[in-house]
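Report on one structure; see the data block that follows.
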């Protein structure tokens, strides 16, 4: 999104009010975002920012200084509607700088001081109202060098921070896996291959950072200072690597935009491609792992049909497991062992899931606590979640599988944190700490005294109203309050002749007169002073509590991770029981032996029993390449996709829809399924097909699984058969990997003879 330029006309520069001068000063510091300038109970935008906001947010565009030669465009909205309007701005591709009043207007001498408290961008959202609870929201940074590319990504709403060094050819695959909402690159350092890769990332806001942000010294020092260490070796990363440079630039950007503590970012995780099943961008798209090929929706994808989680934390972790299947059989079998132990215990799964449904999103709650943005209600939600932990620990006690035992052992009940919150806050805290009434009675003696004083003053006012009504003979005499002149006595116009001489008229309305008296103002001072002091003290006590809880961020994050794992394991157990899945047997041998396998998506979406199960057998002794022929709508594409999806499910640690399955662990899965033009890249159907096929032939190994659908149909029949023949021979003779090739070219069956 282009930056907006806001300047005052030179002729009016000397006529600006102090408030507008401050607006322009702040705007000059944040030219690349819309400035939301707090003025009382509203956020206001001016100049081009106002015009953009009025268009995107459907606000009324007015103007300031209408009588001048150069009126200033102006638009605004109430402060309490901030989240809703921020969401619309972010969705429209804007950044927004939130400029707050950072001192009490009652205590300000002259202009109320205003400062930007945070810059909101697509990748730096932390508020639940602005995020999809079941999806990650990553901010990424890319640093290209001559031989490699460094990448780092952060989910600010949970604190997960990861870095990696990649070959440039792998960057597109990782961006497809992560799907960051915002990506930062060094300005002036975007080689052609990077421009091409970024041009394919739909829906990702791309921003630039100065090159010095990526300098090794600057990036390294930023990270060391944040983590409070003298080296990054404890994180198993090389401080001189491109990935660490990207991580340092990312952290610096977040520090600039958030202007708050980032204590929940407690570690930097290295990511290495060899530890996970590699799935390239085209394969993810073809297999519809997390979104459909037709419209990019979650519904209809593999993730949507296997997701039985009941908490946002679990949903995000399941998405992680599916996007990053493992290649080490030890952790895979640990997951499978846990699921197998849960399978026969339906009561345990039901009880655990019932508890999980009552938890709040502990990961994102913790992030808001760490950044100092947690509300009293957030801390109340935290206490309610911690209250459930003893139930989880009791349910997991005595388990036999390693993973479940480990989760139970490491589950910290956080009893001290919960006790602090319960002792301090009322049972149902208000949303805003400025609303008052959030600290429990009996917690603080001075606060109780101030509340009693304020309450006693209000009771006096009520008695005073009744006494005055009787004394002057006006039964409907009322006491009211407003911010302009405090408490007042209200008399209807018909009774105005009964008002005593000592009443002082303050306001005349259509049918009422409003008065004050010396006695009323004297007690008003006592009430308002006590209320003000009580509110100020409550805010101090809440801030102290939030600061205390912030000291336990690491414990809360560990607890949240454990709850997420429990949710995923019980969900996969429920999925397996409800759909008659079997436990896959894993082996290092390059084989694929599936008996009565079913396509996991169609098996769920079609009526029960309608999908016809199929066997798959690929092994070195029988055959490593199978040709699948048949007419249109015979199920060729479904059959080969099914084999790939079951391999992915097995390596993520899930049971699979089959009667039996022995699956050799794959290092990569390739899918060339479907064909379409990519006119934006200047590529025909045939060119796309050949480019993706060449990538498979160059990157596949004997441990890979390859599925191909109708290779060669983008050209003439003779050329298509020739290509398909040569590709099949190469996969069989040279690579010798497990391959399923669906084709209309029946001539290829002649290959079976050779």
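Residue numbers (the working numbering): 1 to 754. From the three backbone atoms N, C-alpha and C, an ideal C-beta is built for every residue, glycine too.
Residue environment, residue i, which counts as buried when at least 16 other CB atoms sit within 10 Å
i	result
residue 535	buried
residue 730	exposed
residue 41	exposed
residue 172	buried
residue 123	buried
residue 108	exposed
residue 264	buried
residue 19	exposed
residue 137	buried
residue 80	exposed
residue 353	buried
residue 409	exposed
residue 225	exposed
residue 231	exposed
residue 681	Annotation note: pLDDT 49 at residue 681 (below 50); position unreliable, coordinate value reported separately. By the neighbour-count rule (16 or more Cβ atoms within 10 Å), residue 681 is not buried but exposed.
residue 759	Residue 759 is absent from the structure shown; the chain starts at 1 and stops at 754.
residue 653	buried
residue 519	exposed
residue 147	exposed
Candidates the options: closest to residue i by CA position
i	options	result
residue 702	620, 473, 89 and 559	620
residue 266	558, 689 and 631	558
residue 658	669, 168 and 596	596
residue 131	63, 296, 312 and 118	312
residue 650	493, 543 and 337	337
residue 355	564, 615 and 555	564
residue 647	461, 404 and 277	277
residue 128	186, 521 and 365	365
residue 164	199, 120, 244 and 95	244
residue 358	316, 392 and 593	392
residue 367	125, 691, 686 and 541	125
residue 282	430, 578 and 176	176
residue 547	374, 351 and 160	374
residue 103	22, 181, 115 and 696	115
residue 262	607, 553 and 532	553
Endpoints, alpha helix (DSSP H) assigned at residue i
i	result
residue 88	82-91
residue 649	636-652
residue 519	518-550
residue 195	192-199
residue 380	376-386
residue 431	That residue, residue 431, is in no alpha helix (DSSP H); it is neither H nor E in DSSP.
Spatial neighbours of residue i in its chain, beta-carbon cut-off 7 angstroms, leaving aside the 5 residues before and after
i	result
residue 105	112
residue 506	485, 488, 514, 515 and 516
residue 145	242
residue 752	none
residue 51	61 and 73
residue 206	183, 185 and 198
Cβ-based neighbour list, residue i, same chain, cut-off 8 angstroms, excluding 5 preceding and 5 following
i	result
residue 628	636, 639, 640, 740, 741, 742 and 743
residue 446	537
residue 444	537 and 541
Cut-off 6 angstroms between Cβ atoms - residues of its own chain near residue i, not counting five sequence neighbours on either side
i	result
residue 168	149 and 193
residue 188	none
residue 599	638 and 642
residue 735	700
residue 732	625
residue 573	339, 342, 343 and 349
residue 85	57 and 77
residue 467	none
residue 280	173
residue 324	276
residue 747	721
residue 118	98, 258 and 259
For residue i, the first and last residue of its enclosing beta strand (DSSP E)
i	result
residue 180	Note, residue 180: premise wrong, no beta strand (DSSP E); not H, not E.
residue 481	478-482
residue 464	Unbroken run through residue 464 is the alpha helix (DSSP H), 445-472; no beta strand (DSSP E).
residue 18	Residue 18 -> not in any beta strand (DSSP E); alpha helix (DSSP H) instead, spanning 18-29.
Any chain B beta carbon closer than 8 angstroms to residue i
i	result
residue 629	Protein chain content of the structure displayed is limited to a single chain, and chain B is not contained in it.
**OP:** Kindly provide the ranges of any alpha helix (DSSP H) runs that are 4 or more residues long and lie completely inside the stretch 40-128, ordered along the chain.
**Re:** 47-57 and 82-91
Subject >> Contained alpha helix (DSSP H) runs [length at least 4] in the stretch 553-609, N- to C-terminal order >> reply: 553-579 and 600-605
Original post:
Which whole runs of the beta strand (DSSP E) in the stretch 321-357 are 3 residues long or more, in chain order?
Top reply: none
Original post:
Can you list, in chain order, the stretches of the alpha helix (DSSP H) that have 4 or more residues and sit fully within the stretch 392-424?
Top reply: 402-410 and 415-424
Original post:
What runs of the alpha helix (DSSP H), each 4 residues or longer, lie entirely inside the stretch 227-312?
Top reply: The qualifying runs are 242-258, 281-287 and 302-306.
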